[in-house]
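Reviewing the structure listed below.
So, in structure tokens, the structure goes:
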């Protein structure tokens with residue numbers, strides 16, 4: 001019985017000692033810890049599990065081992081053409097050396113502040129070095145697009161017209177120039193720019209114990225005044241296309257109407273010619289038949305035709321006949 | 336006596352009780368341990384077990400067992416297909432789905448390769464295929480200002496997706512993005528996003544990228560695009576009108592042409608027939624006439640008299656003048672004509 005109680009009490013004491021003094025601590029997955037003893041770094045834990053420490057003496061500072069994200073505010077930056085765009089970048093990073101991180105940075109907020117400085121300036125430098133198209137595009141596949149080339153051409157002619165008017169301000173001209181150059185082939189592209197941003201930022205990362213995994217442009221937008229110019233251009237470009245379609249429609253309609261008149265005239269005149277030929281053929285054939293038959297005895301034909309004509313013509317005439325006619329020969333004598 | 340009897344029994348009980356108390360406490364602890372050791376995993380989830388914080392195992396569906404008192408920790412990870420919306424949010428899905436009216440242009444507005452502006456909304460669908468990686472590889476703390484139920488890990492997924500879509504749209508002309516390049520963009524986005532997710536070991540398999548709306552910016556620009564559609568319809572209509580006018584007229588003209596030809600054909604044939612008929616009549620008489628010198632004279636006379644008979648029969652008012660009448664001047668002398676006929 002006493003023995004039982006002794007065992008029980010011992011267990012409870014051990015539990016109390018463990019609970020109060022905590023010679024262990026749990027390091028969960030995804031975390032790493034720096035153990036400091038009297039201000040000196042005693043140990044760095046990067047693997048999860050149950051860890052030992054000296055109670056009341058060791059201080060534990062935990063850091064995330066996971067991939068962390070950095071999200072900068074969109075920045076209004078000039079491109080190499082001095083046009084302002086909003087660039088929204090994000091980055092992923094992690095603490096690879098907790099010891100260095102503890103020594104040089106310590107606080108997470110501090111780390112974000114450092115990242116802000118480094119990445120934002122890198123983004124700014126890189127964007128300012130290149131024309132807008134290099135930030136927007138990643139390849140030159142657009143040059144193979146039929147519709148894009150079409151747009152480009154109409155845009156080109158639009159510019160010529162605008163410049164001819166001489167009404168556009170110098171600022172508008174520079175915007176138009178920028179937009180007209182949309183189809184210039186690019187040499188680097190967004191991915192390369194991202195690479196360059198990382199390279200520029202990466203330099204100072206090891207001294208913070210940080211590894212920068214990527215810096216990507218999440219979104220690019222035009223500054224407000226540039227947006228308006230682009231809207232105007234899009235509208236005028238679409239209007240041109242719409243006008244073109246309507247004009248084409250009218251043209252095609254006129255073409256049909258022209259074809260109608262042409263075909264009508266051709267078909268009718270052809271038919272008329274053909275009909276005249278056929279009629280002539282009939283006349284010719286008839287004449288041939290007549291002459292063929294009548295030429296056998298022209299003298300008899302003449303007599304026969306005369307008989308026929310008299311028969312038709314004479315009954316309507318008023319007549320005074322002389323008995324001198326052969327017809328009346330037998331009126332006076334019977335032989 | 337009764338007391339005396341009772342007391343030793345009591346002390347005996349006490350001894351028993353203290354032993355029993357210990358037993359009961361241990362039993363209760365064991366019972367709690369056993370009860371709290373069991374947990375169920377649903378068919379639509381996986382359970383990741385950590386022992387003293389360290390990854391231990393991933394459990395399948397069914398009744399599972401773990402070490403009690405916080406030694407083993409269980410985190411459940413869903414296996415359902417999850418989705419994310421970009422450029423819009425569904426507030427309440429249902430028969431009539433309601434959408435969030437907030438402005439999501441920070442996701443949807445993009446620059447195209449020809450430096451135009453386009454509004455793209457799209458969705459992705461994905462599944463957590465590696466619960467361990469999902470839980471431990473990417474930061475999953477909450478942050479302020481995000482969507483409901485979304486943490487840093489979701490944001491990472493969003494950031495990657497958005498930058499890939501931006502890049503793909505930025506490489507193409509606006510009209511292509513709006514029409515024939517859509518499938519291509521979806522396909523390439525799926526590959527590229529997955530590449531990134533694998534690089535960051537998010538433990539996620541992307542199953543679908545689908546572009547929803549691809550439209551020009553609202554307002555005047557959209558109207559201008561609309562007008563092009565109208566213009567193409569106008570063009571069709573005008574062409575149809577022309578075509579219609581053509582086909583309304585030409586077949587009739589063709590008919591008329593055929594009519595002309597047919598009439599001419601009729602004229603020709605009738606001329607020939609008439610000629611043949613007349614000639615046949617002539618021929619018949621001529622054959623008769625030509626048989627011998629006598630028949631010539633007879634036929635001639637017959638024709639002559641037949642003619643005169645017919646002519647005189649039809650005339651009811653003919654004056655006849657005797658040849659002996661010397662001083663009568665005939666007004667009309669038909670005899671000349673007859674003489675000629677001879």
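Chains as they are written, first to last, in this note's numbering: chain A, 1 to 335; chain B, 336 to 677.
Using N, Cα and C, we set each Cβ at its ideal position, and we do this for glycine too.
None of the values given here were measured: they were computed from a predicted structure.
Looking at the DSSP output, residue 499 (chain B) shares a beta bridge with no other residue. Here residue 469 (chain B) is buried. Its C-beta has 16 or more other C-beta atoms within 10 Å. Between the alpha carbons of residue 66 (chain A) and residue 240 (chain A) lies a gap of roughly 54 Å.
By the neighbour-count definition (other C-beta atoms within 10 Å, threshold 16), residue 116 (chain A) is an exposed residue. If only complete runs of 3 or more residues are kept, the region 54–97 of chain A shows the beta strand (DSSP E) at 58–64, 68–71, 75–78, 84–95, in order along the chain. Any Cβ of chain B closer than 8 Å to the Cβ of residue 101 (chain A) would place that residue at the interface, and such an atom is absent. Here residue 359 (chain B) is exposed. Its C-beta has fewer than 16 other C-beta atoms within 10 Å.
Closest in alpha carbon position to residue 424 (chain B), among B:436, B:404, B:509, B:454, is B:436. Taking residue 96 (chain A) as the centre and dropping the five residues before and after it, the same chain places the C-beta of 209, 210, 211 closer than 8 Å to its C-beta, in chain order. If you check the CB distance, residue 606 (chain B) and residue 293 (chain A) do not come in under 8 Å. Taking all protein chains shown into account, residue 185 (chain A) has fewer than 16 neighbouring C-beta atoms within 10 Å of its C-beta and is therefore exposed. Residue 596 (chain B) reaches chain A at 271, 274, 275, 278, counting residues in chain order whose Cβ is nearer than 9 Å.
Checking the DSSP bridge columns, you'll see residue 215 (chain A) partnered with A:91.
Cβ contact annotation for residue 471 (chain B) (same chain, cutoff 8 Å, sequence separation greater than five): 390, in chain order.
Assignment of residue 601 (chain B) by DSSP, reduced to helix, strand and coil, places it in the helix class. Contact annotation for residue 422 (chain B) against chain A: no contact, minimum CB-CB distance about 11 Å [criterion: below 9 Å]. Secondary structure note for residue 294 (chain A): its alpha helix (DSSP H) is the uninterrupted segment 224–294.
The criterion of a C-beta distance shorter than 8 Å is not satisfied by residue 88 (chain A) and residue 98 (chain A). Just so you know, the alpha carbons of residue 640 (chain B) and residue 296 (chain A) end up roughly 24 Å apart. Using a Cβ-Cβ cut-off of 8 Å, residue 577 (chain B) counts as an interface residue toward chain A, since at least one Cβ of chain A sits closer than that to its own.
Around residue 42 (chain A), the same chain offers 35, 36, 58 as residues with beta carbons nearer than 7 Å, after the five sequence neighbours per side are excluded.
Not a single C-beta of chain A is nearer than 8 Å to the C-beta of residue 355 (chain B). Taken atom to atom, the span from the alpha-carbon of residue 278 (chain A) to that of residue 564 (chain B) is near 54 Å. Where residue 36 (chain A) is concerned, the enclosing beta strand (DSSP E) starts and stops at 31–37.
Considering only B:473, B:493, B:409, B:354, the residue with the shortest C-alpha distance to residue 422 (chain B) is B:493. For residue 521 (chain B), the secondary structure class from DSSP, reduced to helix, strand or coil, is helix. Distance from residue 488 (chain B) to residue 465 (chain B) at the Cβ level is roughly 13 Å; contact not present, criterion being Cβ atoms closer than 8 Å.
At the C-beta level, residue 194 (chain A) and residue 220 (chain A) stay beyond 8 Å of one another. In this structure, the CA atom of residue 246 (chain A) is about 27 Å from the CA atom of residue 447 (chain B).
Only exposed fits residue 369 (chain B), as fewer than 16 other CB atoms lie within 10 angstroms of its CB. Residue 311 (chain A) sits away from residue 598 (chain B), with the two beta carbons spaced by 8 Å or more. Burial state of residue 108 (chain A) is exposed, judged by a 10 Å Cβ sphere holding fewer than 16 other Cβ atoms. In this structure, DSSP gives residue 439 (chain B) a state outside helix and strand, which the three-state scheme calls coil. Contact annotation: residue 490 (chain B) and residue 538 (chain B) have beta-carbon atoms that are not nearer than 8 Å.
Close to residue 492 (chain B), with beta-carbon spacing below 8 Å, lies no residue of chain A; the smallest spacing is near 10 Å.
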